[in-house]
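Once you know that position 121 of the sequence shown is 120 in numbering that gives the first Met the number 0, the rest is easy, because the numbers rise by one and skip nothing. Ideal Cβ positions, reconstructed from N, Cα and C, are used throughout, including at glycine. Accompanying notes for the structure given below.
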Amino acid sequence: MATVANTAQPDRNDTSFLGHPKGLAYLAFTEAWERFSFYGMQALLVLYMVNSLLLPGQVEQVAGIEQLRALYGGLEGQAFASAIFGTYAASVYLTPILGGLLADRVLGKRRTVLLGALTMAAGHFLMAFNLTFLLALLLLILGSGMFKGNISSQVGNLYDATDLRRADAFQIFYLGINAGVIASPLVVGTLGETMGWHWGFGAAGVGMVIGCIIYLAGQKYLPREHFDTADRATAVSGEDVAVPAKLPMSRADWLATVALILLIPVLALAIVPNNQIFNAYLVWGDQQFALYWGDEKLPTTWLITLDAVVSVSFLAIVAAFYRWWKTRWNEPDELSKIIIGSVFTILGMGCLYLAAITTPQGEKIGLFWPVMFHVLNSIGFAHILPVSLALFARLAPQQIAGTVIGLYFLAFFFGNSIVGWVGGWFETMDTAKFWLMHMGFAAAAGAVFVLFKLLLAKRLMASEADV
Numbered sequence: 000m001a002t003v004a005n006t007a008q009p010d011r012n013d014t015s016f017l018g019h020p021k022g023l024a025y026l027a028f029t030e031a032w033e034r035f036s037f038y039g040m041q042a043l044l045v046l047y048m049v050n051s052l053l054l055p056g057q058v059e060q061v062a063g064i065e066q067l068r069a070l071y072g073g074l075e076g077q078a079f080a081s082a083i084f085g086t087y088a089a090s091v092y093l094t095p096i097l098g099g100l101l102a103d104r105v106l107g108k109r110r111t112v113l114l115g116a117l118t119m120a121a122g123h124f125l126m127a128f129n130l131t132f133l134l135a136l137l138l139l140i141l142g143s144g145m146f147k148g149n150i151s152s153q154v155g156n157l158y159d160a161t162d163l164r165r166a167d168a169f170q171i172f173y174l175g176i177n178a179g180v181i182a183s184p185l186v187v188g189t190l191g192e193t194m195g196w197h198w199g200f201g202a203a204g205v206g207m208v209i210g211c212i213i214y215l216a217g218q219k220y221l222p223r224e225h226f227d228t229a230d231r232a233t234a235v236s237g238e239d240v241a242v243p244a245k246l247p248m249s250r251a252d253w254l255a256t257v258a259l260i261l262l263i264p265v266l267a268l269a270i271v272p273n274n275q276i277f278n279a280y281l282v283w284g285d286q287q288f289a290l291y292w293g294d295e296k297l298p299t300t301w302l303i304t305l306d307a308v309v310s311v312s313f314l315a316i317v318a319a320f321y322r323w324w325k326t327r328w329n330e331p332d333e334l335s336k337i338i339i340g341s342v343f344t345i346l347g348m349g350c351l352y353l354a355a356i357t358t359p360q361g362e363k364i365g366l367f368w369p370v371m372f373h374v375l376n377s378i379g380f381a382h383i384l385p386v387s388l389a390l391f392a393r394l395a396p397q398q399i400a401g402t403v404i405g406l407y408f409l410a411f412f413f414g415n416s417i418v419g420w421v422g423g424w425f426e427t428m429d430t431a432k433f434w435l436m437h438m439g440f441a442a443a444a445g446a447v448f449v450l451f452k453l454l455l456a457k458r459l460m461a462s463e464a465d466v
């Protein structure tokens, strides 16, 4: 007998969780544990391959490793580890498209998210065995694709189209993400490096299981799957509903979809300055920053810890600021916030440019300009990344919302590809010009966002009083 799926719609006027529906709490904590697992495993992955898995006596145990090595032209050691990591890191931003299609056309978002979480948990646990290493990576890639875009679109579906709490909700959602990012190296990384690699991977798996439990516990507070009018009437009457039918796409739906697709490369350009932190910025900091506490040299990687803490802080500060702002004035819409974020990103890159041109040759760069960079860049981050996801969730037609959110993550695929490509110029390019170029990336993206606001916003967001 068919079962009724998601016939009870949670109260969208609920304010019991920090002024938001209860469903946001369950989604945010589920995402926090997923990010704990994801970044914990990722922090260990290259170190594990270089220092253990790919060494003679170990690598021979990995099923399919020689066939993979042949695809990479016979790479060995660290180069082979980097190639595997690069393929993995890029793939997790492609598979959300498949996960969106699976949710929109076959399983629905709830079942797809749960299947993705269980698939990732299996992948983490399979990392404990050399034999299943490549299978584990494949499961993690597929599971992430099913999980990430669909849980993000559920956040957006907690709110009506005109509810400006959506952007604030995604900032809270990103707080959960960053909490997981900060905690994971301290737990998963420490266990992996001190107790043994497989202890770390096991801890990541346990974190993913906790995320599954939280998600299951919050089912009644999550958005109902998309039904058409007939399905709503059937659900109200108490009759069985087997598969939700889809409303046809309107001309406005297609316009919104095309506009969002065109924004993807612009977003990719916008995130290059922020994501360069993990590449050329670390190399520069290691060589040139005065990373000292008294006479003691601090680890360069602490710059990433600094960035994560500052980012979390300003996600909270920016969210609180707009709550205060809207008590006195109209709150800016998503596009306006993204444009504001672009300005702060330009200013952040300007700090690195000034650090390069004002420090005498041969002297170490003091920490004033780098800290100011992290502050300004984090304000920009708080205005661009969570808010752009809120914009996609708002404008994506419900019939294909999962697919469109999956497409959103292509911005990270292309953005990270640009980061790697441009980062290779760091050692041969004048440092000041290198960071000036990143200011240009942020400015170019910001200019396109302004054009989008001027030319298309009124057609796409006509329901907003402040557009």
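Annotated as distal: K363 and A279, with beta-carbon spacing of 8 Å or more. Under the 8 Å Cβ criterion, the segment 26-36 counts as touching the segment 176-195, having at least three qualifying pairs. The alpha-carbon separation between S416 and F277 amounts to approximately 13 Å. Annotated three-state conformation of E59 is helix, per DSSP.
Between the alpha carbons of L459 and F132 lies a gap of roughly 46 Å. In this structure I337 is not in contact with I270, their Cβ atoms being roughly 11 Å apart against a cut-off of 8 Å. Straight across, the Cα-Cα distance linking W323 with G379 is about 19 Å. Assignment of E295 by DSSP, reduced to helix, strand and coil, places it in the strand class. Only buried fits A168, as 16 or more other CB atoms lie within 10 angstroms of its CB. Around the beta-carbon of F367, fewer than 16 other beta-carbon atoms lie within 10 Å, marking it exposed. Looking at the backbone, the Cα of R250 and that of V257 are separated by about 11 Å.
No residue range can be given for M248, since it is assigned to no alpha helix (DSSP H) and is classified by DSSP as neither H nor E.
Collapsing the DSSP output to three states places F425 in coil.
It is roughly 31 Å from the alpha-carbon of L101 to the alpha-carbon of R68. According to the DSSP assignment, F277 belongs to no alpha helix (DSSP H), since it is labelled neither H nor E. Exclusion of the five residues before and after V180 leaves R34, Y38 and A307 as the residues of its chain whose Cβ lies within less than 7 Å of its Cβ. Taking a C-beta distance under 8 Å as the contact criterion, A381 and F313 qualify as a contact pair. Counting other Cβ atoms within 10 Å of its Cβ, I150 reaches 16 or more and is therefore classed as buried. Pairing E30 with I176 gives a Cβ-Cβ distance under 8 Å. C-alpha of V403 to C-alpha of R393: approximately 11 Å in a straight line. Just measuring C-alpha positions, the residue of I356, C350, P369 and K457 sitting nearest M438 is C350. The shortest C-alpha to C-alpha distance from V91 to any of G148, E59, A127 and F128 is the one to G148.
Pairing G405 with G122 gives a Cβ-Cβ distance that is not under 8 Å.
Checking the DSSP bridge columns, you'll see H19 partnered with F16.
Straight through space, the alpha carbons of L54 and G72 are spaced by roughly 18 Å.
The beta-carbon separation of S51 and W198, rounded to 13 Å, does not stay under the 8 Å limit for a contact.
Between the alpha carbons of I96 and G144 lies a gap of roughly 7 Å. Sequence-distant Cβ neighbours of G191 in its own chain, meaning closer than 6 Å and more than five residues away, are L43 and G199. Bridge pairing for F124: absent [DSSP]. Straight across, the Cα-Cα distance linking P369 with Q218 is about 43 Å. I378 has no beta-bridge partner at all, per DSSP.
Taking 8 Å as the cut-off, the beta carbon of P272 is found closer than this to the beta carbon of A441. Rounded to whole angstroms, P247 and W253 show a C-alpha spacing of 11 Å. Just so you know, the alpha carbons of A255 and Y407 end up roughly 13 Å apart. L375 counts as buried, since at least 16 other C-beta atoms from the protein chains shown sit within 10 angstroms of its C-beta.
V154 sits close to F172, with the two beta carbons spaced by under 8 Å.
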